[in-house]
Amino acid sequence: MPTFVYMTRCDGCGQCVDICPSDIMHIDKTLRRAYNIEPNMCWECYSCVKACPHHAIDVRGYADFAPLGHSVRVHRDEEKGTIAWRIKFRNGKKDMELLAPITTKPWGTAIPQLGNESAPSQEMRDSHLLFNEPKYIQLDKDGKDSLHTLKSNKLTLKAGVYY
Amino acid sequence: MAYKTIIEDNIDVLVAGAGLGGTGAAFEARYWGKNKKIVIAEKANIDRSGAVAQGLYAINCYMGTRWGENNPEDHVRYARMDLMGMVREDLAFDMARHVDSAVHQFEEWGLPIMRNTKTGAYLREGRWQIMIHGESYKPIVAEAAKNSADKVFNRVCVTHLLMDDAKENRVAGAVGFNVRTGNYHVFKAKTVIVGAGGASNIFKPRSVGEGAGRVWYAPWSSGSAYGLMIDAGAKMTQMENRIVLARFKDGYGPVGAYFLHLKTYTQNCNGEEYESKWFPGLTEMVGKEYLDTEGQHLSHKPIPTCLRNHAFISEVNAGRGPIHMVTMEAFQDPHLEEIGWHNFLGMTVGQAVLWAATDVDPKYENPELTTSEPYVMGSHATGCGAWCSGPEDVSPDEYFWGYNRMTTVEGLFGAGDAVGGTPHAFSSGSFTEGRLAAKAACQYIDDGKADGINVSAKQIADLKETIYKPMETYTVGRNEIVAGSVNPNYINPRQGLDRLQKMMDEYCGGFGVNYMTNDKLLKIGLKKMKIFGEDLEKVAAEDIHELLRAWELKHRFLTSEAVFQHTLFRKETRWPGYYYRGDAMKLDDENWHVLTVSRRDPETGEYTMEKAPCYHLVGDDEE
Chain A
541 MPTFVYMTRC DGCGQCVDIC PSDIMHIDKT LRRAYNIEPN MCWECYSCVK
591 ACPHHAIDVR GYADFAPLGH SVRVHRDEEK GTIAWRIKFR NGKKDMELLA
641 PITTKPWGTA IPQLGNESAP SQEMRDSHLL FNEPKYIQLD KDGKDSLHTL
691 KSNKLTLKAG VYY
Chain B
2 MAYKTIIEDN IDVLVAGAGL GGTGAAFEAR YWGKNKKIVI AEKANIDRSG
52 AVAQGLYAIN CYMGTRWGEN NPEDHVRYAR MDLMGMVRED LAFDMARHVD
102 SAVHQFEEWG LPIMRNTKTG AYLREGRWQI MIHGESYKPI VAEAAKNSAD
152 KVFNRVCVTH LLMDDAKENR VAGAVGFNVR TGNYHVFKAK TVIVGAGGAS
202 NIFKPRSVGE GAGRVWYAPW SSGSAYGLMI DAGAKMTQME NRIVLARFKD
252 GYGPVGAYFL HLKTYTQNCN GEEYESKWFP GLTEMVGKEY LDTEGQHLSH
302 KPIPTCLRNH AFISEVNAGR GPIHMVTMEA FQDPHLEEIG WHNFLGMTVG
352 QAVLWAATDV DPKYENPELT TSEPYVMGSH ATGCGAWCSG PEDVSPDEYF
402 WGYNRMTTVE GLFGAGDAVG GTPHAFSSGS FTEGRLAAKA ACQYIDDGKA
452 DGINVSAKQI ADLKETIYKP METYTVGRNE IVAGSVNPNY INPRQGLDRL
502 QKMMDEYCGG FGVNYMTNDK LLKIGLKKMK IFGEDLEKVA AEDIHELLRA
552 WELKHRFLTS EAVFQHTLFR KETRWPGYYY RGDAMKLDDE NWHVLTVSRR
602 DPETGEYTME KAPCYHLVGD DEE
């Protein structure tokens, strides 16, 4: 369902151009507003719809199988950490509002800077552990035996047909 | 050429393509390479790129050893069963033993993971799946990658890997172009981790016209993981193992949560259960080890996805379609109804749009299902990808050459769709593979394996010419005609894609031929592909956007050629329901309980195929 842009709402800011994973939201050079240049490469992922600060972008179901007259609108709010949807059916019988969280932390505050972590020891380098392991594999345990190996799990690899 | 050449030098770890695999690689590389230069090149914007751009409503690979739920080997056995035995079990075990630590970190970063209010454990959708509110899964994970990377080059499409001119078969970086400015980007790097994607849109899709973008896997998944690595001469494995998905019709909305959590089920047009009647015939095709009609319910082994597809396809061919998902029972519960809708909004909004457009309320109507066109990828329920080394403490000799997740090209690593033989990694497993590859890449550099790399000015200049050739072709040929897209000198990328999809569909087992092919069809297809390869030298790009599509098409072509070669090589029907070899309709464990491995000679384009042993995890006592 390819996206389309309402003429009177778009101010040509380019947020949609910047975010579209398919590189199909472009600015029209004459009108200086965004539009979908390649609807048959649109996944209806709504990335541009969510990113538009003016709610200028909407979706009209793919012409080859979706009848006209429906609406699925969205408002994504990073500050509140929520996404709000409204779905309206073609026949008007269903009009749903749905709300979901998008994060549990204030946006962008809980991501570590691995450059600031203390450097891994030689022992750690020689092991098969990754950052934050072994603790993070089982979290609540002491972590010592958290990394499974063939030996710890009494396994071996054998060529042939085995089930 | 008016486009500037921009060289980024002295890179230690270059991440080419940053979906879940690439972001995992960039994130982890900083820990093992404090002072290393880590750079990401991504054709879109890493905040919304890759298969998870839209979000996810579940994490499909989580062991839960923390809650005593599963051990890694349980997951390996499950993946093995689902893929009819064909799994790199060393890689799968290695991914599974680390994957929980990735998920626990995602939660810490703010990803909302649902909890079981009674036990406090993550809310399970199925044995391996946990439920999340994952609309912002990708932006959250991208933040982690951005914190670790020295530089992120968004909107740079990587087209080729650079090869070392000093030492044969060693990677030296990558090149590409900026899809906005058109500038030529050269990344000189000691290691490259390919995090690019698998392939949608190589088989003719069921949707036509405007709807052609409504594919199951993202339309921007252009097979670049394979295109880049095949072109560099890396060995590939299991490229025949394409996947066909049973999904909601037209919108391809996911069915996992519906089956597992909402307990919906399928029936034919007469309201009958249909699967079981196809099972006795299937057991004859594949053998009792794979489908034991009588014992299946006792053993609690899940029925392989491809075999359930087979029942679906057979029932439709018998004239009892469509197959319906029975939602009318579950949707009477308002809580489950809400989950059903959230499931789509979280990862396939288009399905919600379609139901709103067609007034399908699953509370009062059981929606139709369909089987999709095939896809070639390596992180969902299939394992196409590069032939990679496993970890030292797990892998047998045939699977180990020094560095975890390193391909057969030195210094070239993979993650996610790029790594072959590791199905059922999904988002969390792909991220984990990226982390494993990053640690190994840093080790490779520290061991001095990347010393003395030399990239000649000629290689850089030649690749520049190659990259922009489609624009040159357009400029030269355009004015011979008045207007329009019909030109005797060239084809445009869309015309090329249509031709590729038609060949793949008709000769390589697409939906249009009921997923059927044989030796003769494959050989005709390969002949046509060879000529198509010649025509691709004449693909034309009117502008930089079309140049992006031209290179995506070339990557899809290389991927497709490998799929043809592998499908021709494996003379059996290993995965009925994914595809059929009409000339060898049975599963043949005597000759084909092996992994298929290919190499395309980058100079000549010739393929060589070989069989590699398939190792399975067994208990010590079974030794």
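Residue numbers (our numbering), protein chains in the order written: chain A, 541 to 703; chain B, 2 to 624.
By construction, the Cβ of each residue, glycine as well, lies at the ideal position given by its N, Cα and C atoms.
No experiment lies behind these values; they were computed from the predicted model shown.
Who are the near neighbours of residue i in its chain, counting only those whose CB is closer than 7 Å to its CB and skipping five residues on each side?
{"i": "A416 (chain B)", "result": "G22, G23, G25, A26, I194, G196, R406, S431, E434, G435 and A438"}
{"i": "H610 (chain A)", "result": "G601, K628, F629 and R630"}
{"i": "R500 (chain B)", "result": "F533"}
{"i": "A353 (chain B)", "result": "W342, F345 and L346"}
{"i": "I545 (chain B)", "result": "V180 and G183"}
{"i": "D635 (chain A)", "result": "K628"}
Excluding the 5 residues preceding and the 5 following residue i in the sequence, name in chain order all residues of the same chain whose CB lies nearer than 6 Å to its CB.
{"i": "K465 (chain B)", "result": "Y185"}
{"i": "A150 (chain B)", "result": "A27, I39 and I41"}
{"i": "V159 (chain B)", "result": "A17, A42, A175 and G177"}
{"i": "P266 (chain B)", "result": "The question names Pro, but residue 266 (chain B) in the sequence shown is Tyr. Only V327 meet the Cβ criterion."}
{"i": "A542 (chain B)", "result": "P471, M472, Y475, L548 and A551"}
{"i": "R616 (chain A)", "result": "K590 and I623"}
{"i": "D165 (chain B)", "result": "R171, A173 and I454"}
{"i": "A80 (chain B)", "result": "V88, A93, P424 and H425"}
So is the beta-carbon of residue i under 6 Å away from any non-hydrogen atom of the ligand GDP?
{"i": "Q268 (chain B)", "result": "Absence of the ligand GDP is noted for the structure shown, with no ligands found whatsoever."}
Just to check my reading of the structure: residue i and residue j have Cβ atoms closer than 8 Å, yes? What is that Cβ distance to the nearest angstrom?
{"i": "P140 (chain B)", "j": "V245 (chain B)", "result": "With a Cβ gap of about 31 Å, P140 (chain B) and V245 (chain B) do not count as contacting."}
{"i": "G384 (chain B)", "j": "D590 (chain B)", "result": "No, G384 (chain B) and D590 (chain B) are not in contact; Cβ-Cβ is about 18 Å, not under 8 Å."}
{"i": "P110 (chain B)", "j": "K440 (chain B)", "result": "Residue identity differs from the one stated: residue 110 (chain B) is Trp in this sequence, not Pro. At roughly 20 Å, the Cβ-Cβ gap does not stay under 8 Å, so W110 (chain B) and K440 (chain B) are not in contact."}
{"i": "S562 (chain A)", "j": "W221 (chain B)", "result": "5 Å"}
{"i": "Q268 (chain B)", "j": "V327 (chain B)", "result": "6 Å"}
{"i": "Y602 (chain A)", "j": "R215 (chain B)", "result": "6 Å"}
{"i": "V377 (chain B)", "j": "I203 (chain B)", "result": "6 Å"}
{"i": "Q555 (chain A)", "j": "A591 (chain A)", "result": "5 Å"}
{"i": "I304 (chain B)", "j": "T372 (chain B)", "result": "About 16 Å separates the two Cβ atoms, so there is no contact after all."}
{"i": "I1 (chain B)", "j": "K189 (chain B)", "result": "There is simply no residue 1 (chain B) to check, as chain B begins at 2 and stops at 624 in what is shown."}
{"i": "M85 (chain B)", "j": "W576 (chain B)", "result": "6 Å"}
{"i": "K205 (chain B)", "j": "K528 (chain B)", "result": "Incorrect: roughly 19 Å between the Cβ atoms, too far for contact."}
{"i": "T609 (chain B)", "j": "T568 (chain B)", "result": "16 Å between Cβ atoms; not a contact."}
{"i": "V598 (chain B)", "j": "K236 (chain B)", "result": "5 Å"}
Using a Cβ-Cβ cut-off of 8 Å (strictly less than) and excluding sequence neighbours within five positions of residue i, which residues of its own chain qualify?
{"i": "G341 (chain B)", "result": "A258, Y259, L263, T328, A331, F332 and P363"}
{"i": "E481 (chain B)", "result": "N488, P489 and N490"}
{"i": "L537 (chain B)", "result": "G497, L554, K555 and F558"}
{"i": "G322 (chain B)", "result": "N269, C270 and E316"}
{"i": "S628 (chain B)", "result": "Chain B is shown only over 2 to 624; residue 628 (chain B) falls outside these bounds and no answer can be derived."}
{"i": "C582 (chain A)", "result": "M541, P542, T543, S562, I564 and N576"}
{"i": "Y253 (chain B)", "result": "R215, V216, W217, L246, T349, G351, Q352 and S373"}
The stretch 36 to 62 of chain B: positions lying closer than 8 Å to chain A by Cβ: K44, A45, N46, D48, R49, S50, G51, A54 and Q55
Length-filtered (3 minimum) beta strand (DSSP E) runs lying within the stretch 343 to 380 of chain B: Here the runs fully enclosed are 370 to 372.
Contact between the stretch 398 to 414 of chain B and the stretch 347 to 367 of chain B (3+ Cβ pairs under 8 Å): In the pairwise beta carbon analysis, the stretch 398 to 414 of chain B is classified as not touching the stretch 347 to 367 of chain B: fewer than three pairs are separated by under 8 Å.
The stretch 570 to 582 of chain A: positions lying closer than 9 Å to chain B by Cβ: I577, E578, P579, N580, M581 and C582
3 or more residues per run - each beta strand (DSSP E) lying fully within the stretch 104 to 186 of chain B: 131 to 135, 152 to 155, 157 to 164 and 172 to 179
Segments of 4+ residues assigned as alpha helix (DSSP H) that fall wholly inside the stretch 513 to 547 of chain B: You should have 520 to 537.
Short-range partners of chain B found in the stretch 627 to 639 of chain A, where Cβ spacing is below 8 Å: I627, K628, F629, R630, N631, K633, K634, M636 and L638
Near-chain B residues of the stretch 545 to 562 of chain A (beta-carbon distance less than 8 Å), N- to C-terminal order: D558, I559, C560, P561 and S562
Stretch pair the stretch 666 to 677 of chain A + the stretch 685 to 703 of chain A: three plus CB contacts closer than 8 Å: yes
At least 3 beta-carbon pairs within less than 8 Å: the stretch 229 to 238 of chain B vs the stretch 576 to 592 of chain B: The stretch 229 to 238 of chain B, when compared against the stretch 576 to 592 of chain B, does not touch it at the 8 Å Cβ threshold.
Where the stretch 653 to 673 of chain A meets chain B: residues whose CB sits under 8 Å from a CB there: From the stretch 653 to 673 of chain A, only Q653, L654, G655, E657, A659, P660, R665, H668, L670, F671, N672 and E673 have a Cβ closer than 8 Å to chain B.
Inside the stretch 587 to 662 of chain A only - alpha helix (DSSP H) runs reaching at least 4 residues: 587 to 591
Residues in the stretch 584 to 600 of chain A having any Cβ partner in chain B nearer than 7 Å: E584, C585, Y586, S587 and V599
Ranges of the beta strand (DSSP E) found wholly within the stretch 12 to 82 of chain B, counting only runs of at least 3: 39 to 43 and 57 to 60
Touching by the beta-carbon criterion (3+ pairs, under 8 Å), the stretch 57 to 77 of chain B and the stretch 117 to 124 of chain B: Yes, they touch.
Members of the stretch 331 to 344 of chain B that neighbour chain A once the beta carbon cut-off is set at 8 Å: E339, W342 and H343
4-residue-minimum alpha helix (DSSP H) runs that sit fully inside the stretch 442 to 466 of chain B, ordered along the chain: None, since the stretch 442 to 466 of chain B contains no complete alpha helix (DSSP H) of that length.
Residues in the stretch 116 to 148 of chain B having any Cβ partner in chain A nearer than 7 Å: H134, E136, S137, I141, E144, A145 and N148
At least three beta-carbon pairs within less than 8 Å, the stretch 597 to 610 of chain B to the stretch 273 to 287 of chain B: no
Residues within the stretch 548 to 575 of chain B neighbouring chain A, beta-carbon criterion of under 9 Å: L549 and R550
Residues of the stretch 350 to 378 of chain B with Cβ closer than 7 Å to any Cβ of chain A, in chain order: V350, G351, A353, V354, L355, A357, A358, T359, D360 and D362
Contiguous alpha helix (DSSP H) assignments of at least 4 residues, all confined to the stretch 279 to 321 of chain B: 297 to 300 and 306 to 316
Alpha helix (DSSP H) runs wholly inside the stretch 192 to 272 of chain B, at least 4 long, in chain order: Fully enclosed alpha helix (DSSP H) runs of 4 or longer: 225 to 232 and 257 to 261.
Near-chain B residues of the stretch 603 to 619 of chain A (beta-carbon distance less than 9 Å), N- to C-terminal order: Under the 9 Å Cβ criterion, the stretch 603 to 619 of chain A contributes A603, D604, F605, A606, P607, L608, G609, H610, S611, V612, V614, R616 and E618.
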